[in-house]
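J.: Following the UniProt record's numbering, the numbering of the sequence shown begins with 1 at its first residue and continues without gaps. Even for Gly, the Cβ is constructed at its ideal location relative to N, Cα and C. Predicted model only: the values in this text are computed from it and were never measured.
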Amino acid sequence: MTLPDLTPDCTRCDALCCSLLAFDEGEMFAFDKPAGQGCRHLCGTRCTVHDRLAEEGMHGCVRFDCQGAGQRLMQGLFAGQSWRDGPQVAERIASAFRDVRAVHAALDLLVLAGRLPLSAPAEADRRRLLSSLSADPADEAALAALATRAPEAHRFLRSLAGEVARGGAGR
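#1: Excluding the 5 residues preceding and the 5 following S19 in the sequence, name in chain order all residues of the same chain whose CB lies nearer than 6 angstroms to its CB.
#2: Going by DSSP in three states, C13 sits in which element: helix, strand or coil?
#3: Only counting the same chain, and skipping five residues up and downstream in sequence, which positions put a Cβ closer than 7 angstroms to that of A106?
#4: Helix, strand or coil: which one does DSSP assign to R171?
#5: Going by alpha carbons, who is nearest to A102 out of A144, R126, V62?
#6: Under 6 angstroms Cβ to Cβ from D24, same chain only, skipping five residues before and after it: list those, please.
#7: I'd like to check one pair, A22 with R35: are the Cβ atoms closer than 8 angstroms?
#8: Buried or exposed for R166, going by 16 or more other Cβ atoms inside 10 Å?
#9: In the DSSP output, which residue or residues are listed as bridge partners for R46?
#10: Considering only residues of the same chain and omitting the five flanking positions on each side of R72, which have a CB-CB separation below 6 angstroms?
#11: Which residues mark the beginning and the end of the alpha helix (DSSP H) in which C61 is found?
#12: Whole angstroms is fine: what's the gap from H41's alpha carbon to V49's?
#13: How is F23 classed by DSSP in three states: helix, strand or coil?
#14: Considering Cα atoms alone, identify which of E56, L77, D136, T11 is closest to M1.
#15: Taking the Cβ atom as the reference point for each residue, do E140 and A94 lie within a distance shorter than 8 angstroms?
#16: Distance, Cα to Cα, A113 vs P8?
#17: Output yes or no for whether 8 angstroms exceeds the beta carbon distance between L160 and A122.
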């Protein structure tokens with residue numbers, strides 16, 4: 001099993017977080033931005049204020065972590081395409097971005113759960129879920145199907161509370 005890279009690499013993305021996601025003016029963001037519209041600080045695929053996001057009131061950007069979802073899409077399923085190619089492409093990329101973010105979030109938590117003192121059966125379940133969610137989808141439909149497995153990972157993770165309280169009894 002090979003896990004996808006869960007570390008964001010903005011240089012291999014297409015500024016998906018800066019364009020596809022909405023944000024509201026407030027404590028985390030200096031202004032409103034609707035989903036599907038590039039941020040006013042975006043120039044091409046780079047942020048013009050990246051080195052001073054906090055000073056610009058963009059704390060949400062500082063805290064955001066796509067967990068590698070952006071580059072996985074833009075170097076894989078959508079290689080050579082951009083959300084700028086038109087509304088239909090942008091909608092497809094946005095849907096896929098939601099799906100891969102859900103998968104990567106579940107994978108990240110499953111990796112972290114590997115640090116817990118799990119029983120042998122729980123560890124086997126964790127590894128099975130990691131393997132299942134690490135599949136490399138061939139197309140958007142396969143990615144959407146893969147994303148439907150993320151809730152199973154979250155149910156498993158919630159079930160670990162008792163496991164951890166027992167210290168991985170039965171290990």
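T.: Checking against the coordinates, here is how it stands:
#1: As a first step, residue 19 is located in the sequence shown; it is residue number 19 there, counting from the start. Taken in chain order, the residues that qualify are G38, W83.
#2: Reading the sequence shown from its first residue, position 13 is the one you call residue 13. C13 falls in the coil class under three-state DSSP.
#3: Along the sequence shown, one-based indexing puts residue 106 at 106. Counting only residues of its own chain and dropping the five nearest sequence neighbours on each side, A106 has a CB closer than 7 angstroms to the CB of L133, A150, A153, H154.
#4: As a first step, residue 171 is located in the sequence shown; it is residue number 171 there, counting from the start. Note on R171: pLDDT 49, under 50, position unreliable in the model; no value is reported.
#5: The sequence position of residue 102 within the sequence shown is 102, counting from 1. Comparing Cα positions, the closest option is A144.
#6: For the purposes of this step, residue 24 is taken as the residue at position 24 of the sequence shown. These residues qualify, in order along the chain: D32.
#7: Mapped onto the sequence shown, residue 35 falls at position 35. Mapped onto the sequence shown, residue 22 falls at position 22. Per the sequence shown, residue 35 should be read as Ala rather than Arg. For A35 and A22, yes; Cβs fall inside 8 angstroms.
#8: What you label residue 166 is simply residue 166 of the sequence shown in a count that begins at 1. Exposed is the call here.
#9: The sequence position of residue 46 within the sequence shown is 46, counting from 1. DSSP lists C43 as partners of R46.
#10: What you label residue 72 is simply residue 72 of the sequence shown in a count that begins at 1. Result list for R72: P4, V100, in chain order.
#11: For this step, residue 61 is matched to residue 61 along the sequence shown. Start and end: 59-63.
#12: Here residue 41 refers to the residue found at position 41 when the sequence shown is read from its first residue. Here residue 49 refers to the residue found at position 49 when the sequence shown is read from its first residue. If I take the Cα positions, the gap works out to 6 angstroms.
#13: For the purposes of this step, residue 23 is taken as the residue at position 23 of the sequence shown. Here F23 carries a strand assignment [DSSP, helix/strand/coil].
#14: Your numbering for residue 1 matches position 1 in the sequence shown. The option with the nearest alpha carbon to M1 is D136.
#15: Indexing the sequence shown from 1 puts residue 140 at position 140. Indexing the sequence shown from 1 puts residue 94 at position 94. Contact flag unset, no.
#16: Numbered from 1 along the sequence shown, position 113 holds the residue referred to as residue 113. Numbered from 1 along the sequence shown, position 8 holds the residue referred to as residue 8. One C-alpha to the other measures close to 20 angstroms.
#17: Looking up residue 160 in the sequence shown gives position 160. Looking up residue 122 in the sequence shown gives position 122. In this structure, A122 lies closer than 8 angstroms to L160 by Cβ.
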